[in-house]
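Residue numbers (full-length UniProt numbering): 1 to 132. Notes for the one structure printed next.
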Amino acid sequence: MKKLIPLFLIFLIPVACQENLEERVAKECKEYTTKRCPTPIRNNTRMDSMSFDTDTRTIRYYYSIFNEADNPKIIESNKKQLVQTLLKAVKNETNTKAYKDAGFNFRYTYHSGKAPQKTLLDIKLTKNDYRK
1 MKKLIPLFLI
11 FLIPVACQEN
21 LEERVAKECK
31 EYTTKRCPTP
41 IRNNTRMDSM
51 SFDTDTRTIR
61 YYYSIFNEAD
71 NPKIIESNKK
81 QLVQTLLKAV
91 KNETNTKAYK
101 DAGFNFRYTY
111 HSGKAPQKTL
121 LDIKLTKNDY
131 RK
């Protein structure tokens, strides 16, 4: 029986670490949004907020697009390139290594700056995407 207790604890450790990591990312997303969002507009884009969905294990980034880039036709015609740019950024980003190692998803939602209720682009990248 004594041999079973340490074995049982080994299975609990990853679960406990996972919960702590999820709590940490939720806290970091909330703090980042509170302290830094919305960001100044750069290259016609502004980061509005970020959040973490525990159920889907997804870090979600919300952006607004402004000026000449705030055009659904332009976004659609460049969608493939935009997805590849986001994927490359996720793969190369070192600050999110722990989250990538844990298999978190990354979702990027871009809204129109002149019509904020309109979504121009919504991309979800999973571990199957960024681990290729």
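All residues carry an ideal CB built from backbone N, CA and C; glycine is no exception.
- Between the alpha carbons of Tyr62 and Tyr108 lies a distance of about 6 Å.
- Just so you know, the alpha carbons of Lys100 and Lys127 end up roughly 7 Å apart.
- Under the 10 Å beta carbon count, Asp122 is surrounded by fewer than 16 other beta carbons and is classified as exposed.
- In the DSSP assignment, Ile75 falls within the unbroken alpha helix (DSSP H) covering Pro72 to Ser77.
- DSSP, read as helix, strand or coil, puts Lys118 in coil.
- Apart from sequence neighbours up to five positions away, the residues of its chain that approach Ile74 with a beta-carbon distance below 8 Å are Glu68, ordered along the chain.
- Gly113 sits buried, since 16 or more C-beta atoms from the chains shown fall within 10 Å of its C-beta.
- Comparing alpha carbon positions, the residue from Ser49, Leu125 and Thr119 closest to Gln84 is Leu125.
- One alpha carbon belongs to Lys97, the other to Phe104, and they sit about 10 Å apart.
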